[in-house]
Ligand code: BGC
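In our numbering, the protein residues as written are 291 to 980.
So, in structure tokens, the structure goes:
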């Protein structure tokens with residue numbers, strides 16, 4: 291692949307100055323050099339690695355305080371067991387926001403900004419200089435235990451949400467660290483996996499969200515655990531120098547994921563800036579320096595971007611805490627709003643909204659005693675967590691019957707059954723697409739015994755619903771909704787809220803349909819129903835054979851009908867899309883094309899719809915997806931109201947990554963523009979020439 295010029299670490303240009311920076315990169319690098327020149331050799335070596343697991347080293351007396359790093363995308367992960375050596379007035383509490391996949395399900399860029407800002411404010415209040423998020427790895431397989439931390443399967447949706455999240459967060463002064471670069475889309479033996487990815491998939495699918503983060507001015511990038519085509523990402527020159535510095539044009543600091551460096555020597559050559567949290571190497575930097583393998587000048591070059599980023603973002607010379615930003619009530623409201631707009635209604639035979647008058651409601655199933663939320667570094671404890679029984683009772687009355695496993699009589703005698711199902715997903719683990727057999731059997735039994743069953747799914751990823759979804763009266767995806775998101779769910783059930791969430795990924799009928807099905811080595815133990823496998827002595831190839839056909843790109847192109855398509859979600863009202871007009875029948879370089887569409891709320895109540903614009907090339911010269919999302923807009927309309935929605939495209943939206951010339955490229959010819967409300971529900975198509 292083409293080598294790109296390394297950006298401002300050497301060139302000291304003003305390129306890439308973001309709104310949140312206090313000064314240009316030129317100035318920041320000059321200041322960094324001054325600060326570094328005052329450090330002893332030992333202090334410089336200290337700057338190459340973390341300190342006390344979650345700190346960037348410093349030299350406070352020389353104007354470089356320690357920086358505290360905290361997980362994760364969905365709120366501040368409080369760490370009660372931080373070493374006492376490090377006095378830190380942590381927050382006494384932090385809001386557990388809905389998981390980022392739920393944020394993506396809102397398809398609402400303004401909410402992404404508000405969410406990032408709220409988390410950023412809590413960081414500032416708690417002395418967190420760097421938030422270890424957002425996680426932007428693409429949803430490639432429903433089994434990935436970290437999908438809840440990410441933003442779904444589509445590069446554009448992920449990019450838009452990421453960009454707004456970062457702008458919101460960094461407007462508070464908190465530096466974001468976008469992660470995990472790159473092709474880290476499985477937790478299958480996560481420190482033992484080698485992602486085999488072709489050039490096109492890398493550039494078209496896996497890198498755009500990182501590019502969006504860099505364009506939004508992100509301060510840090512974290513490399514990933516996996517190998518990319520045979521090289522550990524955190525110690526790969528190709529990954530760091532060519533992709534991050536060259537292609538993305540990133541000027542900020544790069545850090546490794548925790549304990550992901552396997553060779554100090556390789557890491558030192560790779561352009562990595564910071565090893566987190568820092569291993570006890572047998573032969574450390576002093577030994578390598580004594581052997582002439584690494585010089586003090588190399589050391590300076592290595593640590594400059596971290597220091598320059600702290601300088602550029604003003605992290606060194608501001609009060610550590612801004613307690614006035616612990617605006618919990620406002621943040622709780624943001625969390626609620628995201629849960630309200632991210633809840634996705636998948637089925638509804640008319641039972642919802644629920645008219646409760648005189649009805650017996652039975653609440654049964656999984657999440658009656660434990661909150662549905664993800665585990666791992668992204669775990670956020672939250673406070674005043676509203677559980678499912680409390681949320682449902684607050685909405686429908688204390689006489690709601692709550693029974694974790696109900697008998698036939700209880701199920702049949704209820705007028706309405708609310709059935710809770712789902713999974714607890716986690717970092718470092720993959721889980722089967724299908725729920726454990728016993729849980730699936732219980733769901734089938736309940737929906738068959740009572741036709742008025744509303745299934746509530748809480749999960750961080752897709753689950754198998756094929757046997758029962760069509761039989762349930764309603765199905766709602768409520769993800770991991772955060773500390774008050776089950777209240778939003780109850781409001782959707784009662785009709786106080788009209789659902790408007792859309793799936794940020796496709797849900798397949800069976801895992802065999804998934805683009806990722808062949809990527810797991812045939813002879814290796816796959817995740818079992820209850821046990822998880824993730825550690826081994828060998829390195830496993832994870833083959834991205836589907837190339838650019840990830841998510842709906844796969845299902846659409848291969849003609850495989852999923853259970854629920856990307857972008858899909860119902861409302862309590864109806865919408866029609868018509869009068870699609872293009873501003874021109876021809877697209878020209880440097881000019882935008884406006885797609886206008888009239889959206890009408892034809893139902894009886896106010897609601898929101900997401901207009902989605904997909905593009906495809908009529909006669910491609912390479913394998914191209916049948917549809918690619920290139921623009922979307924959420925619009926809120928009163929009953930009977932219409933609006934003309936305008937979306938813009940340009941010729942980059944026609945392009946594919948040409949692996950012969952190693953660049954974006956668009957063929958001359960005809961392109962189809964499809965306008966709809968999901969990847970499968972297209973109201974209208976138009977053709978445009980380029
Ligand atoms: C995770 C990162 C996280 C880091 C620090 C790692 O295991 O992969 O996402 O930021 O731990 O907690």
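Beta carbons are placed, not taken as given, at the ideal position from N, Cα and C, and that holds for glycine.
Simplified DSSP state of residue i, which is helix, strand or coil
i: residue 891; result: strand
i: residue 541; result: coil
i: residue 300; result: Confidence at residue 300 is low in this model, with a pLDDT of 38, below 50, so the placement of that residue should be treated as unreliable; the coordinate-derived value is given next. In the structure shown, residue 300 sits in a helix (DSSP, three-state: H, G or I).
i: residue 354; result: strand
i: residue 1017; result: Examination of residue 1017 is not possible in this model, given that the chain is present from 291 through 980 alone.
i: residue 406; result: helix
i: residue 359; result: strand
i: residue 858; result: coil
i: residue 327; result: helix
i: residue 674; result: coil
i: residue 528; result: helix
i: residue 868; result: strand
i: residue 560; result: helix
i: residue 522; result: strand
i: residue 317; result: helix
i: residue 657; result: coil
i: residue 380; result: coil
i: residue 850; result: coil
i: residue 686; result: helix
i: residue 700; result: helix
i: residue 439; result: helix
i: residue 419; result: coil
i: residue 368; result: coil
i: residue 666; result: coil
i: residue 348; result: coil
Residue i beta carbon near the ligand BGC (any heavy atom closer than 7 Å)
i: residue 412; result: no
i: residue 400; result: no
i: residue 548; result: yes
i: residue 481; result: no
i: residue 637; result: no
i: residue 523; result: no
i: residue 621; result: no
i: residue 527; result: no
i: residue 717; result: yes
i: residue 503; result: no
i: residue 469; result: yes
i: residue 806; result: no
i: residue 970; result: no
i: residue 422; result: yes
i: residue 361; result: yes
Check: residue i C-beta below 7 Å from any heavy atom of the ligand FAD
i: residue 667; result: Annotation note on the ligand FAD: not contained in the displayed structure, which lists the ligand BGC as its ligands.
Test: residue i CB closer than 8 Å to a CB of chain D
i: residue 452; result: Checking the listed chains, one finds no chain D in this structure; it contains a single protein chain.
| said: Tell me whether the region 356-376 and the region 629-642 touch, counting them as touching only if at least three CB pairs, one residue from each stretch, are closer than 8 Å. | reply: Not touching, per the Cβ criterion.
| task | Output the residue ranges of the alpha helix (DSSP H) runs that lie fully inside the region 441-505 and measure 4 residues or longer, sorted by chain position. | result | Along the region 441-505, the alpha helix (DSSP H) occurs as fully enclosed runs of 4 or more residues at 445-460, 498-505, listed in sequence order.
| query | Considering only residues of the region 566-648, which uninterrupted alpha helix (DSSP H) runs meet the minimum length of 4 residues and lie entirely inside it, listed in chain order? | reply | The DSSP assignment places 575-580, 586-602, 618-632 as complete runs of the alpha helix (DSSP H) inside the region 566-648, in order along the chain (cut-off: 4 residues).
| task | Would you check if the region 938-958 and the region 887-898 touch, i.e. whether three or more CB-CB distances between them fall below 8 Å? | result | Between the region 887-898 and the region 938-958, the count of Cβ pairs shorter than 8 Å is below three; the stretches do not touch.
| Which full runs of the beta strand (DSSP E) of 3+ residues lie inside the region 703-766, going along the chain? | Fully enclosed beta strand (DSSP E) runs of 3 or longer: 706-712, 743-748.
| request: May I ask you to verify whether the region 439-453 touches the region 414-428, counting CB pairs closer than 8 Å and requiring at least 3? | output: Touching, yes, given that three or more Cβ pairs across the two stretches are closer than 8 Å.
| Minimum length 3: unbroken beta strand (DSSP E) runs contained in the region 913-976 | With a minimum length of 3 residues, the continuous beta strand (DSSP E) runs that stay inside the region 913-976 are 918-927, 932-939, 946-948, 953-955, 960-966.
| query | Should the region 605-617 be regarded as contacting the region 726-744, the criterion being three or more beta carbon pairs within less than 8 Å? | reply | The region 605-617, when compared against the region 726-744, does not touch it at the 8 Å Cβ threshold.
| query | Are there three or more Cβ pairs, one per stretch, closer than 8 Å when the region 765-776 is compared with the region 389-404? | reply | Of all C-beta pairs linking the region 765-776 to the region 389-404, three or more are shorter than 8 Å, placing the two stretches in contact.
| Ordered list of alpha helix (DSSP H) runs contained in the region 762-842, each at least 4 residues | With a minimum length of 4 residues, the continuous alpha helix (DSSP H) runs that stay inside the region 762-842 are 775-784.
| message | Using 8 Å as the cut-off, can you tell me whether the region 405-412 makes contact with the region 492-504, which would need three or more C-beta pairs spanning the two stretches below that distance? | response | At 8 Å Cβ cutoff, the stretches do not touch.
| request: Would you be able to state if there are at least three C-beta pairs under 8 Å between the region 568-575 and the region 337-344? | output: Contact check between the region 337-344 and the region 568-575: three or more CB pairs, one atom from each, fall below 8 Å, which counts as touching.
| request: Say whether the region 482-489 touches the region 718-729, bearing in mind that this needs 3 or more beta-carbon pairs closer than 8 Å, one atom from each stretch. | output: Flag = no, the region 482-489 and the region 718-729 do not touch.
| Inter-stretch contact at 8 Å, needing at least 3 Cβ pairs: the region 554-569 / the region 518-536 | Enough Cβ pairs lie closer than 8 Å, so yes.
| said: Using a Cβ distance threshold of 8 Å, determine whether the region 741-760 contacts the region 839-846, with at least three qualifying pairs required. | reply: Output reads no: the region 839-846 does not touch the region 741-760.
| Cβ contact check for the region 924-939 and the region 824-843: 3 or more pairs under 8 Å | As far as the Cβ criterion goes, the region 924-939 does not touch the region 824-843, which means the pair count is below three.
| Should the region 785-792 be called in touch with the region 655-675, which here means at least 3 C-beta pairs below 8 Å? | Cβ pair count under 8 Å is below three, so no.
| request: Would you check if there are 3 or more beta carbon pairs closer than 8 Å linking the region 873-883 to the region 917-933? | output: Too few Cβ pairs lie closer than 8 Å, so no.
| Is there contact between the region 499-512 and the region 463-474, where contact requires at least three CB pairs shorter than 8 Å? | Counting Cβ pairs under 8 Å, three or more are found: they touch.
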